[in-house]
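Below is one structure, written out as structure tokens; the observations come after it.
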Amino acid sequence: MSRVAAAAINLAGVTVRFAAAPALDSVTLRIAPGEFVGVIGPNGAGKTTLLRAIAGTLPPTAGAVTVDGREAATLAPRERARLVAAVPQVEGPPAGFTVEEVVLMGRTPYLRRLGPIGETDRQRAAEAIRRTRVDHLRDRFAETLSGGERQRVLIARALAQDARILLLDEPTAHLDIAVQLEIMDLLLELLPGGLTLVAALHDLNLAAMYCRTLVLLERGRIAALGAPEEVLTPEALRRVYGATVLVRPHPLTGRPHVTVMGRKAAPAEGIPRATMPDAVKRRLIVAIDGPMGSGKSTVARGVARALGFRYINTGWMYRAVAREALRRGVPLDDAAVLAEIARTLGFEFRETPQGARLFAASEDVTEAVAAPEVSEAASRVSTHPPVREALVALQRQIGASGGVVMEGRDIGTVVFPDAEVKVFLNATPEERARRRYNELRQKGAEVSFEELRAAEQERDRRDRERTHSPLRVAADAVVVDTTGKTADQVVEEVLALCRGRADVV
Ligand code: DC
1 MSRVAAAAIN LAGVTVRFAA APALDSVTLR IAPGEFVGVI GPNGAGKTTL
51 LRAIAGTLPP TAGAVTVDGR EAATLAPRER ARLVAAVPQV EGPPAGFTVE
101 EVVLMGRTPY LRRLGPIGET DRQRAAEAIR RTRVDHLRDR FAETLSGGER
151 QRVLIARALA QDARILLLDE PTAHLDIAVQ LEIMDLLLEL LPGGLTLVAA
201 LHDLNLAAMY CRTLVLLERG RIAALGAPEE VLTPEALRRV YGATVLVRPH
251 PLTGRPHVTV MGRKAAPAEG IPRATMPDAV KRRLIVAIDG PMGSGKSTVA
301 RGVARALGFR YINTGWMYRA VAREALRRGV PLDDAAVLAE IARTLGFEFR
351 ETPQGARLFA ASEDVTEAVA APEVSEAASR VSTHPPVREA LVALQRQIGA
401 SGGVVMEGRD IGTVVFPDAE VKVFLNATPE ERARRRYNEL RQKGAEVSFE
451 ELRAAEQERD RRDRERTHSP LRVAADAVVV DTTGKTADQV VEEVLALCRG
501 RADVV
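Counting in the working numbering, the sequence shown runs from 1 upward without gaps.
So this is what it looks like as structure tokens:
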């Protein structure tokens, strides 16, 4: 790794603590100007916290972050914005503004309070629009763009800011493969212009292909740092991700290429270092409830993985009953027959190399239950008390011995009212519909955003208004609004709650 005397970014013994266990733990790291550094690690490892510490928006509990020799947390916001620009996740650009207006927002740190936009501001915005090749979209509303186009606009806004450091939080999340490469190529093109790039990346192979330096985080600490060849070793990935991998040179680029072979055998090893005392007698039950699109599944999976717990998605069970009813032609208002299906279908959650899967009648139904017609049917099926009673009984059996992260609508209120950790996730209706829209589009589905939003509103209404176990917040649940937050940030918040509770079990 090339080093120059003046580090553009310097972290010295940085600890950030939200709760008992630190989200970043004594991190020391120097990033030289002009580097492209990839920050990798499982959900909850501290990637987003690291970016926020560099941005100066999260002051460290201990240690110091300096950016170009100046302490990040003490800079005035406008001053900081001239040094460091953040590109949030793809959901980002504000609605109701044209591309040009969004990019001009990058000039805010240079405008006098309520002052007019000047010629220089327009020139800098035009330059940013040109460099990111979004000229043809200039007058379009940002919310009408594709995921890749939106990401370009956000990068343009950051460039218009004239900052010298760009922080990117999962810049390729929700994008299809070709667009992922397009965005990463664009970032590489920008580098010679005097920028330093730090990107949190989930995809290890993209990180290996594009970044000269990787930082592998594990529960707030640097587990490995260096060139991709040094960091992406089977041993390190096994320890940090709990997965067995094969690392081979990529046939075209020669960079390391990671193939996941399977999950590491011993499931209990994922428990955070020293934060879950051995004395924990009964392992925790973590209940995660919330409406559709609130981020439940991604967050629940991330928390389960970080803790080495089983991940149980109870929505899949309602969906599997609905799918079976559709297959057998059972009317969706026949509560007795539907409950019989729920009792006899035979559910089994299995951990596989692809993650948790649901088997019903020995068939892997994980993909099949995601179909839109099943969503609609599940929403109706779940209103019937006999169906709910049958599935709640099964869910209690599945979670009885603890060590589970269970997600649904009534986990903290009905299934496990005594769960040690209860979280209710929420997000604005627009954000929730947008997430679902991105997810479906990525799977290649042709959907209209407006239709999707209307259908989701209707299902939400049904969830909230049904007489039996309606969606509501348990009195002792912690409500987390996930709007504008990355999955990692929310996973970290939930892990902090879990660590806090581990001491009292
Ligand atoms: O979370 P999901 O969208 O996959 O859930 C499918 C349906 O099942 C949804 O309409 C809500 C319902 N459901 C429920 O009523 N109770 C649960 N614990 C989980 C899901």
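We put the CB at the ideal spot given by N, CA and C, even for glycine.
Query raised in the report: From this set, Ala287, Leu154, Asn205, Ala86, which residue's C-alpha is nearest Val478's C-alpha?
Result: Checked all of Ala287, Leu154, Asn205, Ala86; the closest Cα to Val478 is Ala287.
Report task. May I ask you to check if the CB of Asp410 is nearer than 6 angstroms to at least one heavy atom of the ligand DC? Result -> Yes; taking the cut-off as 6 angstroms, the Cβ of Asp410 has a heavy atom of the ligand DC nearer than that.
**Report entry** Sequence-distant residues of its chain with Cβ nearer than 7 angstroms to Val260 (five each side left out)
**Finding:** In chain order, Ala243, Val245, Pro353 place their CB closer than 7 angstroms to the CB of Val260, counting only its own chain and leaving out the 5 sequence neighbours on each side.
Query raised in the report: Is Val314 near the ligand DC, judged by its Cβ being under 6 angstroms from some heavy atom?
Result: Checking the sequence shown, residue 314 turns out to be Thr, not Val. Result yes, Cβ under 6 angstroms from the ligand DC.
Report task. Quick one: using the 10 Å Cβ neighbour count with 16 as the cut-off for buried, is Ala336 buried or exposed? Result -> Here Ala336 is exposed. Its C-beta has fewer than 16 other C-beta atoms within 10 Å.
**Report entry** Contacts around Gly270, its chain only, beta-carbon distance under 7 angstroms, and the 5 residues preceding and following it disregarded
**Finding:** Reliability of the predicted coordinates at Gly270 is poor, the pLDDT of 38 falling under 50, and no value is obtained from them.
Query raised in the report: Hey, is Tyr311 close to the ligand DC, as in C-beta under 6 angstroms from one of its heavy atoms?
Result: No, the ligand DC has no heavy atom inside 6 angstroms of this Cβ.
Query raised in the report: Is the beta carbon of Ser382 within less than 6 angstroms of some heavy atom of the ligand DC?
Result: Result yes, Cβ under 6 angstroms from the ligand DC.
**Report entry** Proximity below 7 angstroms, CB of Pro256 to CB of Ala208
**Finding:** Yes, Cβ-Cβ distance for Pro256 and Ala208 is below 7 angstroms.
**Report entry** Cβ neighbours of Pro385 in the same chain (closer than 6 angstroms, five flanking residues each side left out)
**Finding:** Take Pro385, set aside five residues on each side of it, and the residues of its chain with a beta-carbon closer than 6 angstroms to its own are His468, in chain order.
Requested in this report: Confirm, please, whether the CB-CB distance from Val231 to Leu206 is below 7 angstroms.
Outcome: No, Cβ-Cβ distance for Leu206 and Val231 is not below 7 angstroms.
Query raised in the report: For Arg248, does the count of other Cβ atoms within 10 angstroms reach 16, so buried, or fall short, so exposed?
Result: Exposed.
**Report entry** Residues near Asp476 in its chain [Cβ-Cβ closer than 7 angstroms; skip 5 each side]
**Finding:** Here the set comprises Lys422.
Query raised in the report: Do the CB positions of Gly46 and Leu217 come within less than 7 angstroms of each other?
Result: It is a contact, given that the beta carbons lie within the stated cut-off.
Query raised in the report: Do Leu50 and Ala163 have their C-beta atoms closer together than 7 angstroms?
Result: Result no, Cβ atoms of Leu50 and Ala163 do not sit closer than 7 angstroms.
Query raised in the report: CB-CB under 7 angstroms to Gly148, same chain, minus the five flanking residues each way: which ones, in chain order?
Result: The residues are Leu175, Val179, Glu182, Ile183.
Query - Outcome for Glu492 when other beta-carbon atoms lying within 10 angstroms are tallied against a minimum of 16 - result: Buried, since its Cβ has 16 or more Cβ neighbours within 10 Å.
**Report entry** Residue from Ala95, Ala12, Ala21, Ala445 whose Cα sits closest to the Cα of Ile54
**Finding:** Of Ala95, Ala12, Ala21, Ala445, the smallest CA-CA separation from Ile54 is found for Ala12.
Requested in this report: Using three-state DSSP, classify Glu446 as helix, strand or coil.
Outcome: When secondary structure is reduced to three states using DSSP, Glu446 falls in the coil class, being assigned neither helix nor strand.
Report task. Rounded to whole angstroms, what's the CA-CA distance from Pro277 to Gly254? Just pull it up for me. Result -> Confidence at Pro277 is low in this model, with a pLDDT of 41, below 50, so its placement is unreliable and the value that follows should be read with caution. About 43 angstroms.
Requested in this report: Kindly identify the DSSP beta-bridge partner or partners of Met105.
Outcome: For Met105, which the question treats as bridged, DSSP gives no partner whatsoever.
Query raised in the report: Going by Cα to Cα distance, which pick from Ala393, Gln397, Arg319 is closest to Val365?
Result: Among Ala393, Gln397, Arg319, the Cα nearest to that of Val365 belongs to Arg319.
Query raised in the report: Roughly how far, in whole angstroms, is the beta-carbon of Ala8 from the beta-carbon of Pro33, given that I think they are within contact range, below 8 angstroms?
Result: Rounded, the Cβ-Cβ distance is 4 angstroms, consistent with contact.
Requested in this report: Helix, strand or coil for Val280, going by three-state DSSP, please let me know.
Outcome: With a pLDDT of 43 at Val280, under the threshold of 50, the modelled position of this residue cannot be trusted; read the value that follows with caution. If DSSP states are grouped into helix, strand and coil, Val280 belongs with coil.
Query raised in the report: Quick one: Cα of Glu389 to Cα of Gly293, how far?
Result: Between Glu389 and Gly293, the C-alpha separation is close to 25 angstroms.
Query raised in the report: Does the distance from the C-beta atom of Pro94 to that of Val153 stay below 7 angstroms?
Result: Cβ atoms of Pro94 and Val153: not closer than 7 angstroms.
Query raised in the report: Between which two residues does the beta strand (DSSP E) harbouring Asp121 extend?
Result: Here Asp121 belongs to no beta strand (DSSP E); instead the alpha helix (DSSP H) covers 119-131.
Requested in this report: Write down the C-beta distance between Arg323 and Val374 rounded to the nearest angstrom, noting that I regard them as a contact closer than 8 angstroms.
Outcome: Yes, Arg323 and Val374 are in contact; Cβ-Cβ is about 5 angstroms, under 8 angstroms.
**Report entry** Rounded separation between Ala6 and Ala85 - CA only
**Finding:** Note that Ala6 has pLDDT 32, beneath the 50 cutoff, so the model's placement of it is unreliable and the number below is only indicative. Straight-line Cα distance between these residues: approximately 20 angstroms.
Report task. Leaving aside the five residues before and after Lys296 along the sequence, list all residues of the same chain whose C-beta is less than 7 angstroms from its C-beta, in chain order. Result -> Excluding sequence neighbours, Lys296 sits near Ile288, Gly290, Glu407, Leu425.
Query - For Gly329, the nearest candidate out of Val102, Glu79, Glu456, Ala377 (CA to CA) - result: Comparing alpha carbon positions, the residue from Val102, Glu79, Glu456, Ala377 closest to Gly329 is Ala377.
Query raised in the report: For the ligand DC, any of its heavy atoms closer than 6 angstroms to the Cβ of Ala163?
Result: Using a cutoff of 6 angstroms, the CB of Ala163 does not count as near the ligand DC, since none of the ligand's heavy atoms is closer than that.
Query raised in the report: How many Å lie between Pro234 and Asp169 at the Cα?
Result: For Pro234 and Asp169, the distance between alpha carbons rounds to 25 angstroms.
**Report entry** Val67 versus Glu229 - alpha carbon distance
**Finding:** Straight-line Cα distance between these residues: approximately 27 angstroms.
Query raised in the report: So, using beta-carbon positions, are Val415 and Gln395 closer together than 7 angstroms?
Result: Yes, they are a contact pair.
Report task. For Ser379, I'd like the list of residues in its chain whose CB is within less than 6 angstroms of its CB, leaving aside the five on either flank, ordered along the chain. Result -> Taken in chain order, the residues that qualify are Arg459, Arg462.
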